[in-house]
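Residues in the sequence shown are numbered consecutively from 56, following my numbering. All C-beta atoms, glycine included, are put in the ideal place defined by N, C-alpha and C. A quick note: this is a predicted structure, and the numbers were derived from the prediction, not measured. First the structure, in the form of structure tokens, and then the observations on it.
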Amino acid sequence: MILSTGRGLAIYGDENRWPKNIIPYDISAITDTLHLNLITNAMETLMYAVGTPNYQSTTRNSCVYFRPKKENDTNFLTIQYGKRCSATVGFRKSQRIVMHLAKKGCFRSGTIQHELLHVLGFWHEQSRPDRDDYLTIHHENIQEDRHHNFNKYEWSSKAYNQGYQYDYKSLMHYGAKAFSKNGEPTLVPKQTNAVIGLRKKSSEQDIVEVRHLYKCEN
Ligand SMILES: [Zn+2]
């Protein structure tokens, strides 16, 4: 299974995009009501952000739809507890598509939305092939078994920038001290004053990219 460890930007190709922009999900393994509410609220927030505004109204037409799975859905997202926060990247026709959320550390709206963006087909921003133009990676500060999280992806059939520039503000960007073994930064932006790893909500460009990938209409 391909999990969200590293890589950069959107997965390419119709076969990894959710059919009809619908993401049926099975959330039956999540037992805590607070957790259930956080997950469904994160879905609502992301759906609204991706939605198309209606003229002179605060309502929006959804463009991607997360909804509970129905009996005849054969491909769906399974959401369950796990040891860390991770998710399958993009739609997979003949594979389980799973989001794991650790009870401690994953139940924040921004974190859940980050995992949902993986599910929609996005890799980590700092794994873009052009990331070295934007970041210095301090390998000496990375935890020994975590170097793979800083892999750089090559542009290929599975990594595609859709024509968009590097986005420091992406919800898919790690923070400066991600997987640090000594409290020192592992990622330092080359652009002065750039802030990375906000992880609270999707950036404007994240939304533009989701709308592009899912061909949302204006
Ligand atoms: Zn991730």
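With 16 other CB atoms within 10 Å as the buried threshold, where does residue i fall?
{"i": "LEU91", "result": "exposed"}
{"i": "HIS169", "result": "buried"}
{"i": "SER112", "result": "exposed"}
{"i": "ARG151", "result": "exposed"}
{"i": "GLY160", "result": "exposed"}
{"i": "ALA84", "result": "exposed"}
{"i": "THR166", "result": "buried"}
{"i": "GLU239", "result": "exposed"}
{"i": "LEU89", "result": "exposed"}
{"i": "THR129", "result": "exposed"}
{"i": "TYR110", "result": "exposed"}
{"i": "LYS213", "result": "buried"}
{"i": "THR107", "result": "exposed"}
{"i": "THR114", "result": "exposed"}
{"i": "TYR80", "result": "buried"}
If you measure from the CB of residue i, is any heavy atom of ligand 2 nearer than 7 Å?
{"i": "HIS267", "result": "Ligands present in the displayed structure are limited to ligand 1, and ligand 2 is not among them."}
Compute the minimum distance between the beta carbon of residue i and the heavy atoms of ligand 1, and state whether it is under 7 Å.
{"i": "HIS90", "result": "no"}
{"i": "HIS179", "result": "yes"}
{"i": "HIS169", "result": "yes"}
{"i": "HIS202", "result": "no"}
{"i": "HIS155", "result": "no"}
{"i": "HIS173", "result": "yes"}
I'd like to check one pair, residue j with residue i: are the Cβ atoms closer than 8 Å?
{"i": "HIS173", "j": "ALA142", "result": "yes"}
{"i": "VAL243", "j": "LEU190", "result": "yes"}
{"i": "GLY252", "j": "ALA231", "result": "yes"}
{"i": "PHE234", "j": "ASN273", "result": "no"}
{"i": "GLN181", "j": "HIS228", "result": "yes"}
Excluding sequence positions up to five away, which residues of its chain have a Cβ less than 6 Å from the Cβ of residue i?
{"i": "LYS224", "result": "SER258"}
{"i": "ILE78", "result": "PHE121, LEU132"}
{"i": "ASN237", "result": "ASN196"}
Does chain B have any CB closer than 8 Å to the CB of residue i?
{"i": "ASN206", "result": "The chain labelled as chain B is not found in the depicted structure, where only one protein chain is given."}
In chain order, what residues of the same chain lie with their CB nearer than 8 Å to the CB of residue i, ignoring the 5 residues before and after it?
{"i": "VAL105", "result": "SER117, CYS118, VAL119, ILE262, VAL265, ARG266, TYR269, CYS271"}
{"i": "LYS138", "result": "HIS155, ALA157"}
{"i": "TYR37", "result": "The shown model of the chain, from 56 to 273, leaves out residue 37, and the question about it has no answer."}
{"i": "LYS245", "result": "ASP188, TYR189, LEU190, THR191"}
Report all residues from its chain with a CB closer than 7 Å to the CB of residue i; omit the five preceding and five following residues, and keep chain order.
{"i": "GLU70", "result": "LYS148"}
{"i": "ARG201", "result": "PHE234"}
Could you name each continuous alpha helix (DSSP H) segment of 4 residues or more that falls completely within the segment 67-125, going from the start of the chain to the end?
Counting only runs of 4 or more, we get 88-105.
Unbroken beta strand (DSSP E) runs of length 3 or more, entirely within the segment 132-197: which are they?
Runs of the beta strand (DSSP E) inside the segment 132-197: 132-136, 152-156, 190-192.
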